[in-house]
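K.L.:
In the UniProt record's numbering, the protein residues as written are 1 to 294.
Quick reminder that beta carbons are idealized off the backbone N, C-alpha and C, glycines included.
Remember, it's a predicted structure, so these values are computed and weren't measured experimentally.
(1) Note down, in chain order, each residue of its chain lying with its Cβ closer than 8 Å to the Cβ of residue 108, except the 5 sequence neighbours on either side.
(2) Given a threshold of 16 other Cβ atoms within 10 Å of its Cβ, counted over all protein chains shown, does residue 126 qualify as buried or as exposed?
(3) So, at 6 Å on beta carbons, what are the nonlocal neighbours of residue 75 in its own chain, with the 5 sequence-adjacent residues on each side left out?
(4) Per DSSP, what kind of secondary structure is residue 155 in: helix, strand or coil?
(5) So for residue 9, helix, strand or coil by DSSP?
(6) Can you give me the start and stop residues for the alpha helix (DSSP H) that residue 260 sits inside?
(7) Have a look at residue 294 and residue 70 and give me their C-alpha separation to the nearest angstrom.
(8) CA-CA distance, residue 204 and residue 216?
(9) Return the chain-ordered list of same chain residues with a C-beta closer than 7 Å to the C-beta of residue 165, the five sequence neighbours on each side being excluded.
(10) Distance check for residue 274 and residue 281, CA to CA, integer angstroms please.
(11) Whole angstroms is fine: what's the gap from residue 257's alpha carbon to residue 141's?
(12) Look at the Cβ atom of residue 44, then the Cβ atom of residue 27, and state whether they are nearer than 8 Å.
(13) Note the first and the last residue of the continuous beta strand (DSSP E) segment covering residue 62.
(14) Whose C-alpha, out of 243, 272 and 213, is nearest the C-alpha of residue 68?
(15) With H, G and I counted as helix, E and B as strand and the rest as coil, what does DSSP make of residue 283?
(16) Work out the CA separation of residue 251 and residue 356 for me, nearest whole Å.
(17) How long is the line joining the alpha carbons of residue 79 and residue 163, rounded to whole angstroms?
(18) Please report how far the alpha carbon of residue 42 lies from the alpha carbon of residue 32, in whole angstroms.
(19) For residue 24, does the three-state DSSP call read helix, strand or coil?
(20) Between the region 150 to 157 and the region 221 to 237, do three or more beta carbon pairs fall short of 8 Å?
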């Protein structure tokens, strides 16, 4: 899906486990299908998962997660990955990797939520709880920066999508988001990548939040993206109230959701149909919402 991906297979994972964590080396091992773009995931036995970066940029996330996830976990109202061991480069594999506790659950899918309101309330409460965290010296969240930093890539994607979507309407929606008041508060904790694939549910409730490689502090508006990448219009107010988002944050969150979708759609149209389909869903949700506003 991306240039520079390292080839990972079960044989490599077995060798890494045998060399570094032999107590787990003989457990059943099976690659777990995932639409994720940064890490390869293998289920190890019944209770463990091996997670290995596929690209160099993902390797930088391992240390961030190993340091911050154990500190954040007791402060959050949903389960997060428990990191049991961090591996080092070896057996020809160039980057750090990790063994985590396996978390059961099902990723939610936009358009297929039987009752979105409980999940909207749960996820909004998670976002609000993360904003209340006061752990000092956090790194900058991946999308905790001003929305304008994504302008060049977003406009390049709009050019690439001409003839595929309503680029005039998408450009107007993007420029409206850019015009929203900037974040002026202190840096606040944010997950920064609340895509449906990074959530686990049981029934209609949030059970766990995954993949904290982008976690950090900054403008928390980036954590409002589920309003458009997951929830139907009738659940957005529930999510918004639980998250505690004001008008300016809501507009910036909408901008992040749109920017991500515009960039993802041409990039993943062939290589990752799950992400491409979600990007199309977001673009439709944002533009339909824009049409409905007075």
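P.N.:
In this structure, then:
(1) By one-based count along the chain shown, residue 108 stands at place 108. The answer, listed in chain order, is 119, 196, 199, 201 and 230.
(2) Position 126 of the chain shown, counted from the start, is the residue given in the question as residue 126. In the assembly as shown, residue 126 is a buried residue. Its beta-carbon has 16 or more other beta-carbons within 10 Å.
(3) For the purposes of this step, residue 75 is taken as the residue at position 75 of the chain shown. Contacts found: 133.
(4) Within the chain shown, numbered from 1, the residue matching residue 155 stands at position 155. In the structure shown, residue 155 sits in a helix (DSSP, three-state: H, G or I).
(5) Counted from its first residue, the chain shown places residue 9 at position 9. Residue state, collapsed to three classes: coil.
(6) Residue mapping note: residue 260 aligns to position 260 of the chain shown, counting from 1. Element bounds for residue 260: 247 to 268.
(7) Counting from 1 along the chain shown, the entry for residue 294 is found at position 294. Counting from 1 along the chain shown, the entry for residue 70 is found at position 70. Annotation note: pLDDT 48 at residue 294 (below 50); position unreliable, coordinate value reported separately. A straight-line Cα-Cα distance of about 45 Å links residue 294 and residue 70.
(8) Taking the chain shown and counting its residues from 1, the one referred to as residue 204 is at position 204. Taking the chain shown and counting its residues from 1, the one referred to as residue 216 is at position 216. Their backbone Cα atoms lie some 28 Å apart in a straight line.
(9) By one-based count along the chain shown, residue 165 stands at place 165. Excluding positions up to five away in sequence, the list reads 283.
(10) Within the chain shown, residue 281 is the residue found at index 281, counting from 1. Within the chain shown, residue 274 is the residue found at index 274, counting from 1. Each residue's Cα considered, the two are about 11 Å apart.
(11) In the chain shown, residue 257 corresponds to position 257, counting from 1. In the chain shown, residue 141 corresponds to position 141, counting from 1. Rounded to whole angstroms, residue 257 to residue 141 spans 16 Å at the Cα level.
(12) Residue 44 sits at position 44 when you count from the first residue of the chain shown. Residue 27 sits at position 27 when you count from the first residue of the chain shown. Yes, these two residues count as a Cβ contact at 8 Å.
(13) In the chain shown, residue 62 corresponds to position 62, counting from 1. Residue 62 -> not in any beta strand (DSSP E); alpha helix (DSSP H) instead, spanning 56 to 72.
(14) Locating residue 68 in the chain shown gives position 68, counting from the first residue. Checked all of 243, 272 and 213; the closest Cα to residue 68 is 213.
(15) The residue labelled residue 283 in the question sits at position 283 within the chain shown. Looking at residue 283 - three-state DSSP - the assignment turns out to be helix.
(16) Here the chain covers residues 1 to 294 and nothing more, so residue 356 does not appear.
(17) Position 79 of the chain shown holds residue 79. Position 163 of the chain shown holds residue 163. Distance between the alpha carbons of residue 79 and residue 163: 43 Å.
(18) Reading the chain shown from its first residue, position 42 is the one you call residue 42. Reading the chain shown from its first residue, position 32 is the one you call residue 32. Straight-line Cα distance between these residues: approximately 5 Å.
(19) As a first step, residue 24 is located in the chain shown; it is residue number 24 there, counting from the start. Note: residue 24 maps to helix in three-state DSSP.
(20) no
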